[in-house]
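K.L.:
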Amino acid sequence: MMNAQLKNELIAYSKHVGIDKIGFTSADPFVTLKSRLKQQQELGYQSGFEKGSLKERTEPQMLLPEASTIISIALAYPSKMKNAPKSKRGDRRGIFCRASWGEDYHHVLRRKLNLLVEFIEKKVPGSKSTAMVDTGELSDRAVAERAGIGWSAKNCAIITPEFGSYVYLGEMITTVDIPEDQPLLDQCGSCNKCVDACPTDALIQGGQLDSNKCIAFLTQTKGMLPERYRKKIGNRLYGCDTCQVVCPKNKGKDAHNHPEMEPDPETVKPTLIPLLTISNREFKEKYGKMSGSWRGKKPIQRNAIIALGFFKEKEALETLYTLLLEDPRPVIRGTSAWAISQITSSNEAETKLKEAKKKENDLEAEAEIDKALKSQDKERGPLRTER
Ligand code: B12
Ligand code: SF4
Ligand code: SF4
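Basically our numbering = 1-based index in the sequence shown + 16.
1. Count the other C-beta atoms from every protein chain shown that fall within 10 angstroms of the C-beta of H272, then say buried if there are 16 or more, exposed otherwise.
2. Evaluate contact between the stretch 147–160 and the stretch 95–113, counting only Cβ atoms and requiring at least three cross-stretch pairs below 8 Å.
3. With distances taken from CA atoms, which of Q236, I348, T338, E366 is nearest S63?
4. Under a Cβ-count criterion, where at least 16 other Cβ atoms within 10 Å of its own Cβ denotes burial, should P315 be classed as buried or exposed?
5. Which residues does DSSP pair with L225 in a beta bridge?
6. DSSP three-state label for Y29, please.
7. Return yes when the C-beta of T338 is under 7 Å from any heavy atom of ligand 2, and no when it is not.
8. Can you name the start and end residues of the beta strand (DSSP E) that S155 belongs to?
9. Assuming L336 and I321 form a contact by the criterion Cβ under 8 Å, report the distance between their Cβ atoms to the nearest whole angstrom.
10. What is the DSSP secondary structure of R108, counted as helix, strand or coil?
11. Given that a residue counts as buried once 16 or more other Cβ atoms are within 10 Å of its Cβ, and exposed if not, what is V28?
12. Okay, do the stretch 244–251 and the stretch 289–298 touch, 3+ Cβ pairs below 8 Å being the bar?
13. Whole angstroms are fine: how far does the CA of R126 sit from the CA of R297?
14. Hey, would you say T48 sits closer than 8 Å to S88, going by beta carbons?
15. Can you give the Cα-Cα distance for R114 and D217, rounded to whole angstroms?
16. Can you give me the start and stop residues for the beta strand (DSSP E) that G39 sits inside?
17. What is the residue span of the beta strand (DSSP E) that R252 lies within?
18. Residues in the same chain with beta-carbon distance under 6 Å from Q21, minus the five sequence neighbours each way, listed in chain order, please.
19. Any heavy atom of ligand 3 closer than 7 Å to the beta-carbon of I175?
20. Note down, in chain order, each residue of its chain lying with its Cβ closer than 7 Å to the Cβ of Q224, except the 5 sequence neighbours on either side.
21. Less than 8 Å between C-beta atoms, sequence neighbours within five positions excluded: which residues of the same chain meet that for D386?
22. Thinking C-alpha only, which one of G164, Y184, A213, G180 is nearest D197?
23. With C-beta atoms as the reference, is L423 less than 8 Å away from E72?
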C-alpha cells in the first residue's frame, strides 16, 4: 500500500473514532528541544514530573528502534461548564482546572491511540508501534508542534487554530513510514497577555516557564506551600488556567465533542468545608476518576484550607481548629494555622493556637503556628488599646 494512501486512511479513521486533530512527523531527533531541556534543567526550571533522560526525551529511536514516524493526536476539551454552582459566603467552593474535568484524559486518549495502533498493525502486518500520553518520555508539545497540530505559544501551550489551547495531546511512534506534515506559523505576534497575566510571574518570558513558580505545579506538590504563593493560589484546588483564559486565541473556543470530558459541576467546583474531612474511600469514589486526583487527597485538602483562608471563611473555623489540633499530617496542621490567622484574630483562635503549639512536634508546622500566633498579636494588639 502506498503510504500516502495509508495516511489518508488513518486521517479518515481518526475522525471516525473521535480524534479531533491528527498530524504526522518524522521520528528524527528533536535537536532544539534537547538544548532547551538542558537549559531548563540547568536553570532549575523543570518540575520533576518530566520522565526519562535527555536522550530518551529527544531521540524517539531510543524508545522504539527503527522508528520512522510519530503520529500526534489532539482531543479538544470544554472550557465552559453548564450550571456552574455559585461560590457563596458560608458555602465557598474551590476549582479544578479544565484539564481535570470529566474522565481522566490519559484514559480517553490512550483508548483512541490503542485503536490507531491496532489499525496500523492490521494495515501493515509486522510493523511496530508504541503510544504515549503525558507520562511518556517524549515532549507531547514538541511532537505536536512539529506535526503541525498547533504552534508553540508564549503561554507554553500548543494552540490549535480550531480549538485554541484546550486540547490534550498524545502520540504514537511507529516503524511505518508516513509522509509528514508541516509545522504551523507562530500566531502570538506581539501579544504578551499570558505573560502579563500570570499571577506568580512563572512565565519568565514568552515560552519559558519556571515550574517552581507555576501555580499548576504548586497545587500538585505535597509539602507546605511557600507563604508568598498562598494568596495567589486563591481557590484553585488543582492546576491553573489563567494563561489560557486570557489568551485571545481561546476566545469562543469551547468544544463539547466528548461526553466523557463533560465536567460534573459538584465535583470540579466542590464546596470546600466538606473536603476537609472527607474519608479516603469517599475521596476515591468522588475524585478518583479525574486526572486531578493523581497526587492523592492531601494536596487537594491543603489547597482547600488555603482557599478557605483566602476567602476568610469564618464558617470553616471549627473544622480548622480540629485539623490544627488533631490531624496526623503536619502539612495539614501547619496550613490550618495559616488559614486561621487569615480568617480571625480572636481569643479563641489564640487559645487554640497556643494549645496546638504545646503539642506540636513537627518543626515546619510549629513554625506556621508561631507565625499565626504572631499575626494574632499584631492584629489584635493595637486594636485592644485603640478601642
Ligand atoms: C512537566 C509538565 C508540566 C509542568 C511544567 C510545564 C511546562 N511548561 O514545561 C507543570 C506541572 C507546571 C505543568 C502545567 C501544565 N500542564 Co503540563 N505537562 C508536563 C509534561 C509531563 C512535560 C512537559 C515538559 O517536558 N516541559 C519541558 C519544556 C521545556 O518542554 P515542552 O513544553 O514539552 O516543549 C516545548 C518547549 O521545549 C518549547 N521550546 C523548545 N525549544 C525552545 C526554544 C525557545 C527559545 C522557546 C521560547 C521555546 C522552546 O517548544 C516545545 C513545544 O511547545 C507534559 C506531557 C509530556 N510528556 O510532554 C504535560 C503537558 C505539557 N501539560 C499540559 C497541560 C494541559 C498543562 C496545564 C495547562 C494544566 C493546568 N491547567 O494546570 C498547565 C500549563 C502550564 C504552562 N503554562 O505550561 C498538556 C499541554 C496541552 C497543550 N495544548 O499544550 C501536556 C502536553 C499534557 C498532555 N498530554 O496533554 N505541566
Ligand atoms: S498556569 Fe497559571 S501560574 Fe502557571 S504559567 Fe500559566 S498563569 Fe502562570
Ligand atoms: S495570550 Fe497572546 S501571547 Fe499568550 S499565548 Fe495567547 S496569543 Fe500568544
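Think of the CB as a built atom: it goes at the ideal place given N, C-alpha and C, for glycine as much as any other residue.
Bear in mind that the values here come from a model prediction, so they are computed numbers and not experimental data.
P.N.:
According to the data block:
1. Numbered from its first residue, the sequence shown carries residue 272 at position 256. H272 comes out exposed.
2. no
3. To locate residue 63, count along the sequence shown from 1; it is residue 47. Of the candidates Q236, I348, T338, E366, the one whose C-alpha sits nearest the C-alpha of S63 is Q236.
4. By 1-based counting over the sequence shown, the position of residue 315 is 299. It counts as buried.
5. The count along the sequence shown starts at 1 and reaches residue 225 at position 209. DSSP, once it has assigned bridges, lists L219 as partnering L225.
6. On the sequence shown, position 13 is the one that residue 29 refers to. In the structure shown, Y29 falls within a helical segment according to DSSP collapsed to helix, strand and coil.
7. Counting from one through the sequence shown, the residue named residue 338 turns up at place 322. Outside the cutoff, so no.
8. In the sequence shown, the residue the question calls residue 155 occupies position 139. No beta strand (DSSP E) contains S155, which DSSP labels as neither H nor E.
9. Your numbering for residue 336 matches position 320 in the sequence shown. Your numbering for residue 321 matches position 305 in the sequence shown. Sure, about 7 Å apart at Cβ, within 8 Å.
10. For the purposes of this step, residue 108 is taken as residue 92 along the sequence shown, with counting starting at 1. Reduced to three states, the DSSP call for R108 is coil.
11. To locate residue 28, count along the sequence shown from 1; it is residue 12. Note on identity: in this sequence residue 28 is Ala, with Val being the wrong assignment. A28 comes out exposed.
12. no
13. Here residue 297 refers to the residue found at position 281 of the sequence shown. Here residue 126 refers to the residue found at position 110 of the sequence shown. Using only the alpha carbons, I get a separation of about 26 Å.
14. Reading the sequence shown from its first residue, position 32 is the one you call residue 48. Reading the sequence shown from its first residue, position 72 is the one you call residue 88. Against a cut-off of 8 Å, the Cβ pair of S88 and T48 comes out as no contact.
15. Counting from one through the sequence shown, the residue named residue 114 turns up at place 98. Counting from one through the sequence shown, the residue named residue 217 turns up at place 201. Using only the alpha carbons, I get a separation of about 21 Å.
16. Translated into positions along the sequence shown, residue 39 becomes position 23. Residues 37–42.
17. Position 236 of the sequence shown, counting from 1, holds the residue named residue 252. For R252, the enclosing beta strand (DSSP E) has its first and last residue at 252–254.
18. Start at 1 with the first residue of the sequence shown, and residue 21 comes out as number 5. Excluding positions up to five away in sequence, the list is empty.
19. Within the sequence shown, numbered from 1, the residue matching residue 175 stands at position 159. True, at least one ligand heavy atom lies under 7 Å from that Cβ.
20. Walking along the sequence shown from the start, residue 224 turns up at place 208. Same-chain partners within the cutoff: there are none.
21. Within the sequence shown, the letter at position 370 stands for residue 386. Around D386: K373.
22. As a working note, residue 197 is residue 181 in the sequence shown. With respect to the C-alpha of D197, the residue from G164, Y184, A213, G180 having the closest C-alpha is G164.
23. As displayed, the chain neither begins before 17 nor continues past 403, which places residue 423 out of reach and without an answer.
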